[in-house]
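Just so we're on the same page, the numbering used here is the position in the sequence shown counted from 1, plus 19.
Think of the CB as a built atom: it goes at the ideal place given N, C-alpha and C, for glycine as much as any other residue.
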Amino acid sequence: MKKRAISASVTLLLICFQAGAQTLPQRILQCSGSDEWKGINAPKDAGIPQPDPSRIVGGTYTFQGNVLVKSGEGKVADQRYKLCSVTTTNYVYSTDCSIDTAGYIAEWLKVSTAASDTAFQARHKESWVQLDTVTVDRVNLSLDEMYVAPLERSDYDPEKANALVLTPYLLSTHYVATCHLAQPQF
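Encoded structure:
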């Protein structure tokens, strides 16, 4: 009888623990700020969106262990960022922790042939389409997100017997926001 009572107590304790773990409040940041688009080494006709200072951009970010999830708000897929570093004042998350934004930009701008483009993709398997880095200030809950997407323009140079010329450039978005901790409403 004692064995059964202990077993039932342990089972009840585990059920309570699991229920408690599932109802812990999530750490959610609700953010509001502005973004700025720019082209880095972009051709003049690349079509970079012009800044609109009156436009307010919102975002919802959820901390899930060592991952930060940016909500796609049901319009696009959620974006997941890995924790890259922690200081007393900042968390830094990225789609690729192996390279910093400045190094990524410098490396992409050296691409000049299809072979060097392929080599870049091989080195940056997690970020060859884009590099996204999010810094969260732990003290004042501000958020700084830098997104860069490597692009290239292919042109034929008539002066070089129509040789293919690749022009690497990047599209960059810089989002700066103030945030507050939010709780799920239901």
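For residue j and residue i, the rounded distance between their alpha carbons
i, j, result
"F139", "P203", "41 Å"
"G93", "T79", "12 Å"
"K63", "W56", "14 Å"
"E171", "T186", "5 Å"
"T132", "A61", "17 Å"
"I124", "F205", "43 Å"
"L102", "L128", "26 Å"
"T81", "R74", "23 Å"
"C116", "D163", "16 Å"
"K179", "T137", "23 Å"
Contact check, residue i vs residue j, beta carbons under 7 Å
i, j, result
"G58", "Y175", "no"
"I67", "A201", "no"
"V158", "T114", "no"
"S146", "V167", "no"
"G52", "V195", "yes"
"M165", "T106", "no"
"V88", "D54", "no"
"V111", "R99", "no"
For residue i, three-class secondary structure by DSSP
i, result
"P62", "coil"
"F139", "helix"
"A121", "helix"
"K179", "helix"
"W56", "strand"
"A6", "Lying outside 20 to 205, the shown extent of the chain, residue 6 is not represented and no answer is given."
"E145", "coil"
"S173", "strand"
"A96", "coil"
Cβ-based burial, residue i [other Cβ within 10 Å; buried from 16]
i, result
"P72", "exposed"
"V95", "exposed"
"V155", "buried"
"D151", "buried"
"C198", "buried"
"V184", "exposed"
"P169", "buried"
"T42", "Model confidence at T42 stands at a pLDDT of 37, short of 50, so the residue's coordinates are unreliable; what they give is reported in the following sentence. Its Cβ having fewer than 16 others within 10 Å, T42 is exposed."
Candidates the options, of which the one nearest residue i by Cα
i, options, result
"D97", "A65, C103, Q83 and Y110", "Q83"
"S90", "P177, D163, S135 and C50", "C50"
"A65", "S173, N181, K144 and E178", "S173"
"I118", "S135, V130 and R142", "R142"
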